[in-house]
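In the numbering used here, the protein residues as written are 110 to 366.
Working notes, structure below.
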Ligand code: NAP
């Protein structure tokens, strides 16, 4: 791997580490290539990591991501700023493992989007009604603000704020959570988070999505004129991360709250 790119959070500290990293990589004959890098260094937080993956989502096949967090420990990064020397040394020695994470694939109208954390349908303008199918089984009519489908990696993000379960790494699932579901004598949906085998296809259908938005990680799309959304894991689109050290999942989790 000789061609690289660096994506960093726009704060002074992250920028300083970016400059230092450019210098070390140049000394080791690596070439900066924004268009076709083989490795993308991510300096910032989990949000920066998501941003970097989305910048290169069409070029994931030959690309690896390697992250350092300039805040606390992250879910997408194994190193903090104090570990910088180890972070670079591990890379230069090639003493890392590669781990792949399939993305969620979201089909809506003529478009396909990819999510590392989650895909969510939210309507804050009025009550959203949706039919929910899991594979070919009709589950329920949902009424409320919306629904969120998250990955294991996304379980600690928006999913957790919705009362969804935190899922340990290495567990291959997808999770469906409600966003302010309405439950009373007339309307009832499952209510609790549903953790499913990662091969399940979630099919959301509505006669009226006016006012609703589709959120795919940090990106938001209007879906007013559309009627169905299909969400499933996509083994063809995997994010490859370089892991140089073993950090316990529970250690990461403890830093979150
Ligand atoms: P963002 O600023 O990029 O991220 C918002 C916060 O979510 C940041 O503190 C970020 O951590 C953290 N985060 C992102 N992915 C995470 C993960 N897998 N596990 C734990 N924390 C994670 O905001 P954005 O661009 O609007 O949205 C990006 C993601 O943020 C979305 O995919 C969504 O899951 C999450 N989000 C959550 C809420 C909520 O919980 N109410 C609201 C909006 C967005 P760092 O500080 O390390 O970057």
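Heads up, the beta-carbon is just placed ideally off N, CA and C, and yes, glycines get one too.
Remember, predicted model here, so these are calculated numbers, not experimental data.
Nearest neighbour of residue i, chosen from the options [CA to CA]
{"i": "residue 263", "options": "277, 233 and 251", "result": "277"}
{"i": "residue 120", "options": "114, 335 and 128", "result": "128"}
{"i": "residue 203", "options": "358, 266, 351 and 246", "result": "351"}
{"i": "residue 283", "options": "137, 275 and 209", "result": "275"}
{"i": "residue 221", "options": "167, 207 and 176", "result": "167"}
{"i": "residue 115", "options": "136, 137, 176 and 122", "result": "176"}
{"i": "residue 206", "options": "224, 134 and 187", "result": "187"}
{"i": "residue 339", "options": "212, 280, 218 and 279", "result": "218"}
{"i": "residue 154", "options": "139, 179 and 163", "result": "179"}
{"i": "residue 328", "options": "195, 224 and 317", "result": "224"}
{"i": "residue 344", "options": "293, 170 and 123", "result": "170"}
{"i": "residue 111", "options": "125, 281 and 143", "result": "143"}
{"i": "residue 308", "options": "322, 197 and 212", "result": "212"}
{"i": "residue 210", "options": "357, 280, 268 and 245", "result": "280"}
{"i": "residue 268", "options": "198, 297 and 301", "result": "301"}
{"i": "residue 197", "options": "314, 245 and 126", "result": "126"}
{"i": "residue 273", "options": "363, 163, 305 and 245", "result": "305"}
{"i": "residue 195", "options": "130, 296 and 113", "result": "130"}
Cβ-based burial, residue i [other Cβ within 10 Å; buried from 16]
{"i": "residue 141", "result": "exposed"}
{"i": "residue 172", "result": "buried"}
{"i": "residue 148", "result": "buried"}
{"i": "residue 259", "result": "buried"}
{"i": "residue 146", "result": "buried"}
{"i": "residue 261", "result": "buried"}
{"i": "residue 137", "result": "exposed"}
{"i": "residue 316", "result": "exposed"}
{"i": "residue 123", "result": "buried"}
{"i": "residue 234", "result": "exposed"}
Check whether residue i and residue j have beta carbons under 8 Å apart
{"i": "residue 243", "j": "residue 257", "result": "no"}
{"i": "residue 86", "j": "residue 185", "result": "Since the first residue shown for the chain is 110 and the last is 366, residue 86 is missing from the structure and cannot be characterised."}
{"i": "residue 182", "j": "residue 361", "result": "yes"}
{"i": "residue 337", "j": "residue 299", "result": "no"}
{"i": "residue 214", "j": "residue 118", "result": "no"}
{"i": "residue 254", "j": "residue 288", "result": "yes"}
{"i": "residue 236", "j": "residue 152", "result": "no"}
{"i": "residue 161", "j": "residue 174", "result": "yes"}
Inter-residue spacing [alpha-carbon to alpha-carbon] between residue i and residue j
{"i": "residue 165", "j": "residue 349", "result": "12 Å"}
{"i": "residue 238", "j": "residue 251", "result": "6 Å"}
{"i": "residue 156", "j": "residue 226", "result": "10 Å"}
{"i": "residue 285", "j": "residue 240", "result": "13 Å"}
{"i": "residue 367", "j": "residue 200", "result": "Residue 367 is absent from the structure shown; the chain starts at 110 and stops at 366."}
{"i": "residue 193", "j": "residue 347", "result": "26 Å"}
{"i": "residue 319", "j": "residue 135", "result": "51 Å"}
{"i": "residue 311", "j": "residue 132", "result": "46 Å"}
{"i": "residue 325", "j": "residue 294", "result": "33 Å"}
{"i": "residue 266", "j": "residue 365", "result": "10 Å"}
{"i": "residue 139", "j": "residue 303", "result": "45 Å"}
{"i": "residue 358", "j": "residue 189", "result": "15 Å"}
{"i": "residue 356", "j": "residue 323", "result": "33 Å"}
{"i": "residue 363", "j": "residue 163", "result": "27 Å"}
{"i": "residue 314", "j": "residue 113", "result": "42 Å"}
{"i": "residue 296", "j": "residue 216", "result": "28 Å"}
{"i": "residue 245", "j": "residue 321", "result": "24 Å"}
Residue i CB to nearest heavy atom of the ligand ADP below 7 Å
{"i": "residue 127", "result": "As presented, the structure is devoid of the ligand ADP, carrying the ligand NAP as its sole ligands."}
Subject >> Cβ contact (3+ pairs, closer than 8 Å) linking the stretch 320-334 and the stretch 226-241 >> reply: Taking one beta carbon from each stretch, the stretch 320-334 and the stretch 226-241 have 3 or more pairs nearer than 8 Å; the two touch.
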